[in-house]
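Asks: Residue numbering for the sequence shown is 1 to 416, as defined by the UniProt record's numbering.
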Amino acid sequence: MTVNSIRLEQHFEQMSEIGKLGETGTNRPTLSPSEKQAFELASSWMQAAGMTTRIDNFGNLIGRLEGTKPELPVLMMGSHLDSQPYGGRFDGVAGVLCAIEAVTTIVEKGIKPERTIEVVSFADEEGWRFNKGLFGSRGILGRLEEGELDRADKDGITRRQALIDFGCDPKKFDDSLYPPGSIHCFLELHIEQGPVLDLAHKPIGVVSGISGPLWWTVKLKGMAGHAGSVPMPIRQDALVGAAEIILALRQIATQIPDAPTVGTVGTMNVFPASRNVIPEEVTFTVDLRDIDLSRRNMYEAQLREQIEAICGKHHLTYSITEDWNSEPRYCADWLKQIIHAQCNNLNLDAPELMSGPFHDAMALSYATDYAMIFVRCKDGISHNPLEFASYKDLALGAEVLYGTVLEVLKHEPYNL
Ligand SMILES: [Zn+2]
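Now the structure itself:
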């Protein structure tokens with residue numbers, strides 16, 4: 001092992017003290033004093049490795065190891081140090097700390113890269129505070145949407161105000177943009193947040209791509225009535241319709257065994273929500289993901305047919321609002337090959353797998369080639385204080401990342 005696994009472990013231990021929740025949890029909201037503290041700690045490690053550090057106007061922390069040819073597009077790595085309100089110690093943190101470890105090792109080895117390397121902790125990857133994620137990674141690419149700065153958190157603080165309070169200047173976003181062609185590639189290490197590697201007893205995985213979620217809000221409308229008197233055959237029960245749709249989604253998403261398709265109804269509102277009233281209106285969300293867009297489109301069509309049929313059966317009306325629709329984003333073959341080669345060097349039989357969750361890398365994929373290294377997490381638990389990845393696995397991940405960076409630095413031609 002070339003990276004320093006003891007130092008890496010100490011960094012995780014120190015970082016987990018900031019925004020600590022219970023014994024093993026983390027609550028580190030974006031643009032909060034605890035994230036600022038995390039940035040200061042990470043900056044101290046970056047500076048110790050010879051990087052300069054800055055916080056840009058989007059609230060990203062950027063560490064920069066200037067290359068001997070600074071005119072070359074940068075090799076960017078990173079992830080995020082913000083967490084879910086009831087989150088773990090590894091989500092996002094792993095990608096930032098392992099990237100710092102890789103750069104520190106490069107500097108300690110006396111390697112002087114021609115290409116500049118940047119390690120970034122992106123602002124608001126998680127998206128829960130202002131209900132919209134990947135803020136910093138979309139921001140630097142000029143991909144923010146109308147009105148994003150006016151989104152308020154539960155205390156009424158707008159994103160604009162939170163940025164200003166954090167020391168950023170939303171009027172100067174232009175100063176923090178990365179023009180097209182300025183990023184050579186992007187590498188992100190992340191815990192898997194799913195059980196595939198753990199079940200396969202493999203510490204490291206190579207990501208094939210990030211599946212694009214399709215997000216809907218579905219509203220069903222029936223007719224309220226007394227639960228004690230309206231006969232069953234003439235009811236227009238919106239919740240019964242919703243129940244059948246949930247099961248239909250499950251059947252659709254599982255029709256090809258072992259395919260990575262996932263479908264979820266995660267929230268539901270019932271009106272009027274009284275135990276002795278037949279539900280009149282039900283609103284629920286649908287989340288459908290697949291790495292194969294044509295299959296996802298086919299399943300979407302099947303689900304629409306099912307909703308039509310089920311609503312017809314129960315005499316309900318319905319509406320479907322599409323909240324988000326992003327296509328799968330595939331990792332670059334040349335980067336995947338390099339990562340596989342590093343895994344082989346370490347005798348790791350690393351499987352390729354899809355990422356169901358999205359990551360900052362998804363935003364970067366619109367500007368540059370990208371790849372991701374997954375580290376096994378216990379029982380696939382994430383977004384939960386029980387989230388756990390072993391320091392041994394994380395050190396292996398850092399070692400793979402380090403080797404990958406060295407190969408990318410050697411890679412010619414400089415601009416692919
Ligand atoms: Zn994450």
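Where is the CB? At the ideal position from N, CA and C, for every residue including glycine.
Taking three-plus beta-carbon pairs below 8 Å as touching, is the segment 109-128 in contact with the segment 15-26?
Replies: Judged by Cβ distances under 8 Å, the segment 109-128 makes no contact with the segment 15-26, as fewer than three pairs qualify.
Asks: Can you give me the C-alpha to C-alpha distance between G78 and L214, rounded to a whole angstrom?
Replies: Residue mapping note: residue 78 aligns to position 78 of the sequence shown, counting from 1. Residue mapping note: residue 214 aligns to position 214 of the sequence shown, counting from 1. So the alpha carbons of these two residues sit roughly 26 Å apart.
Asks: Leaving out five residues before and five after C405 in sequence, what residues of the same chain have Cβ atoms less than 6 Å from its Cβ?
Replies: Along the sequence shown, one-based indexing puts residue 405 at 405. Here the sequence assigns Val to residue 405, which means Cys is not the residue at that position. For V405, where only same-chain residues beyond five positions count, the Cβ hits under 6 Å are A102.
Asks: Among all residues, which have a Cβ less than 5 Å from at least one non-hydrogen atom of ligand 1, and in what chain order do they fall?
Replies: Chain-ordered list of matching residues: D91 and G92.
Asks: Cutting at 6 Å between CB atoms, please list the residues of its own chain near E66, excluding the five before and the five after it.
Replies: Along the sequence shown, read from residue 1 onward, the residue named residue 66 stands at position 66. Excluding positions up to five away in sequence, the list reads T116.
Asks: Rounded to whole angstroms, how far is the Cβ of A200 from the Cβ of G222, which I believe are closer than 8 Å?
Replies: In the sequence shown, residue 200 corresponds to position 200, counting from 1. In the sequence shown, residue 222 corresponds to position 222, counting from 1. At roughly 45 Å, the Cβ-Cβ gap does not stay under 8 Å, so A200 and G222 are not in contact.
Asks: Buried or exposed for S43, please, with buried defined as at least 16 other CB atoms from any protein chain shown within 10 angstroms of its CB.
Replies: Here residue 43 refers to the residue found at position 43 of the sequence shown. Classification for S43: buried.
Asks: Note down the Cα distance separating L189 from L348, rounded to an integer number of angstroms.
Replies: Numbered from its first residue, the sequence shown carries residue 189 at position 189. Numbered from its first residue, the sequence shown carries residue 348 at position 348. Distance between the alpha carbons of L189 and L348 is about 16 Å.
Asks: Suppose you measure from the CA of G403 to the CA of D155; what does that come to, to the nearest Å?
Replies: Translated into the one-based positions of the sequence shown, residue 403 becomes position 403. Translated into the one-based positions of the sequence shown, residue 155 becomes position 155. Computed Cα separation, rounded: 45 Å.
Asks: Under 7 Å between the Cβ atoms of G356 and R289?
Replies: Here residue 356 refers to the residue found at position 356 when the sequence shown is read from its first residue. Here residue 289 refers to the residue found at position 289 when the sequence shown is read from its first residue. In contact: G356 and R289 (Cβ atoms closer than 7 Å).
Asks: I'd like the list of long-range same chain contacts for V408, defined as Cβ closer than 7 Å, with 5 residues on each side in sequence excluded.
Replies: The residue given as residue 408 occupies position 408 in the sequence shown. Excluding positions up to five away in sequence, the list reads L75, C185 and I338.
Asks: Hey, would you say G92 sits closer than 7 Å to E125, going by beta carbons?
Replies: Residue numbering aside, residue 92 sits at position 92 when the sequence shown is read from its first letter. Residue numbering aside, residue 125 sits at position 125 when the sequence shown is read from its first letter. Yes; because the gap between Cβ atoms is below 7 Å, this pair is in contact.
Asks: Taking only runs of the beta strand (DSSP E) that begin and end inside the segment 146-220, which ones reach a length of at least 3 residues, in chain order?
Replies: Listed in chain order, they are 183-191 and 204-210.
Asks: For G127, which residues in the same chain have their Cβ closer than 8 Å to its Cβ, ignoring the five residues on either side in sequence?
Replies: Taking the sequence shown and counting its residues from 1, one reaches residue 127 at position 127. Counting only Cβ-Cβ distances below 8 Å, and skipping sequence neighbours, we find G133, L134 and F135.
Asks: Rounded to a whole number of angstroms, what is the C-alpha to C-alpha distance between K202 and P351?
Replies: Working through the sequence shown from its first residue, we reach residue 202 at position 202. Working through the sequence shown from its first residue, we reach residue 351 at position 351. Straight-line Cα distance between these residues: approximately 8 Å.
Asks: Give the straight-line distance between the Cα atoms of G139 and E148, rounded to the nearest whole angstrom.
Replies: Residue mapping note: residue 139 aligns to position 139 of the sequence shown, counting from 1. Residue mapping note: residue 148 aligns to position 148 of the sequence shown, counting from 1. C-alpha separation (whole angstroms): 11 Å.
Asks: Just grab the DSSP bridge partners of R54 for me.
Replies: Indexing the sequence shown from 1 puts residue 54 at position 54. Looking at the DSSP assignment, R54 forms a beta bridge with I62.
Asks: By DSSP, does S5 sit in helix, in strand, or in coil?
Replies: As a working mapping, residue 5 is identified with position 5 in the sequence shown. If DSSP states are grouped into helix, strand and coil, S5 belongs with the helices.
Asks: What separation, rounded to the nearest whole angstrom, lies between the Cα atoms of T283 and T321?
Replies: In the sequence shown, counting from the first residue as 1, residue 283 sits at position 283. In the sequence shown, counting from the first residue as 1, residue 321 sits at position 321. Roughly 11 Å separates the two Cα atoms.
Asks: According to DSSP, simplified to helix, strand and coil, what is V282?
Replies: Working through the sequence shown from its first residue, we reach residue 282 at position 282. V282 falls in the strand class under three-state DSSP.
Asks: Along the chain, which unbroken stretches of the beta strand (DSSP E) at least 3 residues long are found entirely within the segment 311-337?
Replies: Counting whole runs of 3 or more residues, the segment 311-337 contains the beta strand (DSSP E) stretches 317-325.
Asks: Can you tell me which of the three DSSP states A389 falls into?
Replies: In the sequence shown, counting from the first residue as 1, residue 389 sits at position 389. A389: coil per DSSP, three-state reduction.
Asks: Note down the Cα distance separating I204 from S294, rounded to an integer number of angstroms.
Replies: As a working mapping, residue 204 is identified with position 204 in the sequence shown. As a working mapping, residue 294 is identified with position 294 in the sequence shown. Approximately 29 Å between the Cα atoms of the pair.
Asks: Using CA coordinates, which residue listed in G110, L394 and P233 is at the minimum distance from I373?
Replies: The sequence position of residue 373 within the sequence shown is 373, counting from 1. When only C-alpha atoms are compared, the closest one is L394.
Asks: Less than 7 Å between C-beta atoms, sequence neighbours within five positions excluded: which residues of the same chain meet that for L163?
Replies: Taking the first residue of the sequence shown as position 1, residue 163 is located at position 163. L31, G59 and P170.
Asks: By the DSSP assignment, the beta strand (DSSP E) with V375 in it spans what residues?
Replies: Stepping through the sequence shown from its first residue, residue 375 is reached at position 375. Element bounds for V375: D369 to V375.
Asks: What are the boundary residues of the beta strand (DSSP E) that includes E118?
Replies: Stepping through the sequence shown from its first residue, residue 118 is reached at position 118. Run containing E118: I117 to S121, per the beta strand (DSSP E) assignment.
Asks: Should E146 go down as buried or exposed, given a rule of 16 or more other Cβ atoms within 10 Å for buried?
Replies: Sequence index remark: in the sequence shown, residue 146 carries index 146 (1-based). Flag for E146 reads exposed.
Asks: What is the DSSP secondary structure of G67, reduced to helix, strand or coil?
Replies: Residue numbering aside, residue 67 sits at position 67 when the sequence shown is read from its first letter. Three-state result, G67: coil.
Asks: State whether the segment 233-250 contacts the segment 261-278, with contact taken as three or more CB pairs (one from each stretch) at a distance under 8 Å.
Replies: They touch, by the three-pair rule.
Asks: In the structure shown, what three-state DSSP assignment does T30 receive?
Replies: In the sequence shown, residue 30 corresponds to position 30, counting from 1. T30 falls in the coil class under three-state DSSP.
Asks: Within the same chain, show all residues whose beta-carbon is closer than 7 Å to that of I175, passing over the 5 residues directly before and after it, in chain order.
Replies: Position 175 of the sequence shown, counting from 1, holds the residue named residue 175. One detail in the question is off: residue 175 reads as Asp in this sequence, not Ile. Answer for D175: N57, listed in chain order.
Asks: Along the chain, where does the alpha helix (DSSP H) containing S137 start, and where does it finish?
Replies: The count along the sequence shown starts at 1 and reaches residue 137 at position 137. Run containing S137: F135 to G139, per the alpha helix (DSSP H) assignment.
Asks: Taking H359 as the reference, which of G95, M298 and Y299 has the closest Cα?
Replies: Position 359 of the sequence shown, counted from the start, is the residue given in the question as residue 359. Of G95, M298 and Y299, the residue nearest in Cα terms is G95.
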